[in-house]
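**Student:**
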């Protein structure tokens, strides 16, 4: 496995790979890798000849007061996990290589970014689209793999690729969960043992929504009340949002019809967890 | 010469060219081609194996009330000029192919875009960076050629390429002028005969600045006064701006030292003309 630290060297490797006719697959990450990331690496392996994982804790997608400085960076473990997973190239740039002094260009999505996490974290998705556009230009992938866990992010990336005609195929990997159902996240390690137990309320509330729709319930109001009750029963949980939106437009819906993204964000102390499910009445 | 109307077909042609090891050169235009554009095509021919000219009157870089609808579109003449110039591919997309309904992603430059034409035409450069990013992703050029006539645009494109790590080399072609010195522009055809005569004041004022600096003048205030007098002596001319800015940062300067971009914009009726020169004290 090659570990690459500069954007120039990464671009050269990718160009050489492409000239040799190899398909390049990219899994962009912020490190602190877990089984969710590794499932995306396996998907990349299926779709490409050369698998590149990027590890970059992107400063511009964190808001002031968020956990940028504290975000876990267990680089040694991440490198080992990538080697064991058969990653070909680990792209691990320094922040100074990614953002030169005076950088002044961003990529903005102005529609899908407004609600959900975009409402709680204004400016977050501008940082995401900008860094992903940069990573696409540096790594030049044929295919890039993102996780369904970050559902809004995935839909914004798909929109960016469409609207800027970016020649990269996007593949979404399903949410990977702990045995008890908690969606895997690098931020789970922030949780105290009691918070960790209560954190299961996200998954339990989504399962309850799925069960209700399966039994014929179509009213968002009714399902929302049941989910809210599950989450609010947890003493340490503070709801950030619970939204029912059209899976394509991310606009709120009142009834379960075509695909509806049910997305939930809950805070435990300073730790903010998200989870989601897509439900249809079919 | 192939004339290509869809983004998919253009991308396929470019991918095939790259696989065959050919260097692709792009000259992005809004059509209404003149000798200025054709000089850029010759530069592209020197730098690349496959020369692509795009013709697209980009709606999102025009402000409400500007000349989008009236902008000249002499497509037949443009196609002939491209054939005669040895262009390999003419990319001539429909607006509906470039902007699908609900498009919501733009590329924004927030620093160099503020002054000069950006102050007179707020939002204009957002339209430019967005469409150029799209054209780069569609045509996949190794090199793209822009004119020095649109000096601010050229510097913003260079900044975009740097900040988004876009794998395209940018080459700037010098300003091409009519015999009497007027910078060539698709908008010159809007001018009435008296306006056309007076329009020479832009070039004459820039030449005067060059002469003064050549004779040792360093004060921007003194040079500005002389240039303003030349322009204001024209009854039909209305100054839009006359700026002396650092050629790299586009921030105003008070004295001629390192490279200074002297940029002028003058309106004749509804027609807005721009011109510029780079001066140094060396």
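Chains as they are written, first to last, in my numbering: chain A, 1061 to 1342; chain B, 1061 to 1342. Even glycine gets a Cβ: it sits at the ideal position worked out from N, Cα and C. Model, not experiment: these values are computed from the prediction.
#1: Under the three-state reduction of DSSP, which class applies to residue 1107 of chain A: helix, strand or coil?
#2: Run through the region 1094-1157 of chain A for me and flag every whole beta strand (DSSP E) of 3 or more residues, listed as ranges in chain order.
#3: I'd like to know whether the C-beta atoms of residue 1334 of chain A and residue 1092 of chain A end up nearer to each other than 8 Å.
#4: I want to verify the contact list: residues of chain B whose CB lies under 9 Å from the CB of residue 1080 of chain A, in sequence order.
#5: Can you find a C-beta in chain B that's less than 8 Å from the C-beta of residue 1201 of chain A?
#6: Less than 8 Å between the C-beta atoms of residue 1071 of chain B and residue 1216 of chain B, yes or no?
#7: Kindly say whether residue 1248 of chain A, judged by its beta-carbon, lies nearer than 8 Å to any beta-carbon of chain B.
#8: Report yes or no: do the region 1104-1124 of chain B and the region 1075-1087 of chain B share at least 3 C-beta pairs separated by less than 8 Å?
#9: Could you tell me whether any Cβ in chain A is nearer than 8 Å to the Cβ of residue 1227 of chain B?
#10: Between residue 1163 of chain A and chain B, is any beta-carbon pair separated by less than 8 Å?
#11: Using a cut-off of 8 Å between C-beta atoms, extract the partners of residue 1219 of chain B located in chain A.
#12: Step through the CB atoms of chain B and report whether any lies within less than 8 Å of the CB of residue 1067 of chain A.
#13: At 7 Å on the CB atoms, spell out the chain A contacts of residue 1169 of chain B, in chain order.
#14: Out of B:1310, B:1269, B:1124, B:1305, state which residue places its alpha-carbon closest to the alpha-carbon of residue 1290 of chain B.
#15: Nearest-angstrom Cα distance between residue 1096 of chain A and residue 1187 of chain B?
#16: Within 10 angstroms of the Cβ of residue 1303 of chain A, are there 16 or more other Cβ atoms? Answer buried if so, exposed if not.
#17: Can you tell me the Cα-Cα spacing of residue 1286 of chain B and residue 1127 of chain B, whole angstroms?
#18: Provide the residue span of the alpha helix (DSSP H) that contains residue 1299 of chain A, from first to last.
#19: Residue 1298 of chain B: buried (16+ other C-beta within 10 angstroms of its C-beta) or exposed?
#20: Could you tell me which chain B residues have their CB closer than 7 Å to the CB of residue 1223 of chain A, listed as they occur along the chain?
#21: Quick check on residue 1279 of chain B: does DSSP put it in helix, strand or coil?
#22: For residue 1231 of chain B, which three-state DSSP category applies?
#23: Taking C-alpha atoms, which residue in A:1327, A:1220, A:1061, A:1114 lies nearest to residue 1260 of chain A?
#24: Can you name the start and end residues of the beta strand (DSSP E) that residue 1062 of chain A belongs to?
#25: Compare the C-beta of residue 1176 of chain A against all C-beta atoms of chain B and say whether one is closer than 8 Å.
#26: Please list the partners that residue 1198 of chain B has in chain A, where partner means a Cβ-to-Cβ separation under 7 Å.
#27: Taking 8 Å as the CB-CB cut-off, is residue 1155 of chain B touching chain A?
#28: By how many angstroms is the C-alpha of residue 1179 of chain A removed from the C-alpha of residue 1273 of chain B?
#29: Would you kindly work out how many angstroms separate the C-alpha atoms of residue 1224 of chain B and residue 1339 of chain B, rounded to a whole number?
#30: Terminal residues of the continuous beta strand (DSSP E) containing residue 1327 of chain B?
#31: Excluding the 5 residues flanking residue 1329 of chain B on each side, which residues of the same chain have their C-beta closer than 6 Å to its C-beta?
#32: What does the alpha-carbon distance come out to for the pair residue 1157 of chain A and residue 1267 of chain B?
#33: Note down, in chain order, each residue of its chain lying with its Cβ closer than 6 Å to the Cβ of residue 1168 of chain A, except the 5 sequence neighbours on either side.
#34: Starting from residue 1336 of chain B and walking both ways along the beta strand (DSSP E), at which residues does that stretch end?
#35: Straight-line CA distance for residue 1210 of chain B to residue 1137 of chain A?
#36: Taking CB distances under 8 Å as the criterion, tell me whether residue 1172 of chain A reaches chain B.
**Tutor:** Per the coordinate set shown:
#1: The residue given as residue 1107 of chain A occupies position 47 in the first chain. Helix.
#2: 1110-1115, 1149-1151
#3: What you label residue 1334 of chain A is simply residue 274 of the first chain in a count that begins at 1. What you label residue 1092 of chain A is simply residue 32 of the first chain in a count that begins at 1. No, Cβ-Cβ distance for residue 1334 of chain A and residue 1092 of chain A is not below 8 Å.
#4: Within the first chain, numbered from 1, the residue matching residue 1080 of chain A stands at position 20. None at all; the shortest Cβ gap to chain B is about 11 Å.
#5: The residue you call residue 1201 of chain A lines up with position 141 of the first chain. It does not: the Cβ of residue 1201 of chain A has no partner Cβ on chain B nearer than 8 Å.
#6: As a first step, residue 1071 of chain B must be located in the second chain, where it is residue number 11. As a first step, residue 1216 of chain B must be located in the second chain, where it is residue number 156. No, the pair does not count as a contact, with Cβ atoms beyond the cut-off.
#7: Counting from 1 along the first chain, the entry for residue 1248 of chain A is found at position 188. Answer no: the Cβ-Cβ gap between residue 1248 of chain A and chain B never drops below 8 Å.
#8: yes
#9: For the purposes of this step, residue 1227 of chain B is taken as the residue at position 167 of the second chain. For residue 1227 of chain B, the answer is yes, since a Cβ of chain A falls inside 8 Å of its Cβ.
#10: On the first chain, residue 1163 of chain A is found 103 positions in, with the first residue counted as 1. So yes, residue 1163 of chain A belongs to the interface.
#11: Counting from 1 along the second chain, the entry for residue 1219 of chain B is found at position 159. Chain A residues near residue 1219 of chain B: 1164, 1165.
#12: As a first step, residue 1067 of chain A must be located in the first chain, where it is residue number 7. Yes, its Cβ sits closer than 8 Å to a Cβ of chain B.
#13: Counted from its first residue, the second chain places residue 1169 of chain B at position 109. Neighbours of residue 1169 of chain B on chain A, chain order: 1164, 1165.
#14: Along the second chain, one-based indexing puts residue 1290 of chain B at 230. Nearest of B:1310, B:1269, B:1124, B:1305 to residue 1290 of chain B, Cα basis: B:1269.
#15: For this step, residue 1096 of chain A is matched to residue 36 along the first chain. For this step, residue 1187 of chain B is matched to residue 127 along the second chain. Straight-line Cα distance between these residues: approximately 38 Å.
#16: Locating residue 1303 of chain A in the first chain gives position 243, counting from the first residue. Classification for residue 1303 of chain A: buried.
#17: Position 226 of the second chain, counted from the first residue, corresponds to residue 1286 of chain B. Position 67 of the second chain, counted from the first residue, corresponds to residue 1127 of chain B. C-alpha separation (whole angstroms): 31 Å.
#18: As a working mapping, residue 1299 of chain A is identified with position 239 in the first chain. Looking at the DSSP string, residue 1299 of chain A is not in any alpha helix (DSSP H); the run it does join, the beta strand (DSSP E), is 1297-1306.
#19: Numbered from its first residue, the second chain carries residue 1298 of chain B at position 238. Counting Cβ neighbours within 10 Å, residue 1298 of chain B comes out exposed, since fewer than 16 surround it.
#20: What you label residue 1223 of chain A is simply residue 163 of the first chain in a count that begins at 1. Result: 1163, 1164, 1165.
#21: Along the second chain, one-based indexing puts residue 1279 of chain B at 219. Reduced to three states, the DSSP call for residue 1279 of chain B is strand.
#22: Working through the second chain from its first residue, we reach residue 1231 of chain B at position 171. Three-state result, residue 1231 of chain B: strand.
#23: To locate residue 1260 of chain A, count along the first chain from 1; it is residue 200. When each option's Cα is compared against that of residue 1260 of chain A, the closest is A:1327.
#24: One-based indexing of the first chain puts residue 1062 of chain A at position 2. Counting along the chain, the beta strand (DSSP E) containing residue 1062 of chain A begins and ends at 1062-1064.
#25: Your numbering for residue 1176 of chain A matches position 116 in the first chain. No, its Cβ sits nowhere closer than 8 Å to a Cβ of chain B.
#26: Taking the first residue of the second chain as position 1, residue 1198 of chain B is located at position 138. What residue 1198 of chain B touches in chain A: 1225.
#27: Residue 1155 of chain B sits at position 95 when you count from the first residue of the second chain. Not closer than 8 Å to any Cβ of chain A, the Cβ of residue 1155 of chain B fails to qualify, so no.
#28: By one-based count along the second chain, residue 1273 of chain B stands at place 213. By one-based count along the first chain, residue 1179 of chain A stands at place 119. Whole-angstrom Cα-Cα distance: 54 Å.
#29: Position 164 of the second chain, counted from the first residue, corresponds to residue 1224 of chain B. Position 279 of the second chain, counted from the first residue, corresponds to residue 1339 of chain B. Approximately 29 Å between the Cα atoms of the pair.
#30: Residue numbering aside, residue 1327 of chain B sits at position 267 when the second chain is read from its first letter. Per DSSP, residue 1327 of chain B belongs to the beta strand (DSSP E) from 1320-1328.
#31: Here residue 1329 of chain B is taken as the residue at index 269 of the second chain, counted from 1. Within the same chain, residue 1329 of chain B has no close Cβ partners at all.
#32: Along the first chain, read from residue 1 onward, the residue named residue 1157 of chain A stands at position 97. Along the second chain, read from residue 1 onward, the residue named residue 1267 of chain B stands at position 207. Computed Cα separation, rounded: 41 Å.
#33: On the first chain, residue 1168 of chain A is found 108 positions in, with the first residue counted as 1. If we look at residue 1168 of chain A and ignore the five residues flanking it on each side, its Cβ neighbours are 1186.
#34: Counting from one through the second chain, the residue named residue 1336 of chain B turns up at place 276. 1331-1339 is the span of the beta strand (DSSP E), which, as asked, contains residue 1336 of chain B.
#35: The residue you call residue 1210 of chain B lines up with position 150 of the second chain. The residue you call residue 1137 of chain A lines up with position 77 of the first chain. The straight-line gap from Cα to Cα measures roughly 50 Å.
#36: Position 112 of the first chain, counted from the start, is the residue given in the question as residue 1172 of chain A. Answer yes: the Cβ-Cβ gap between residue 1172 of chain A and chain B drops below 8 Å somewhere.
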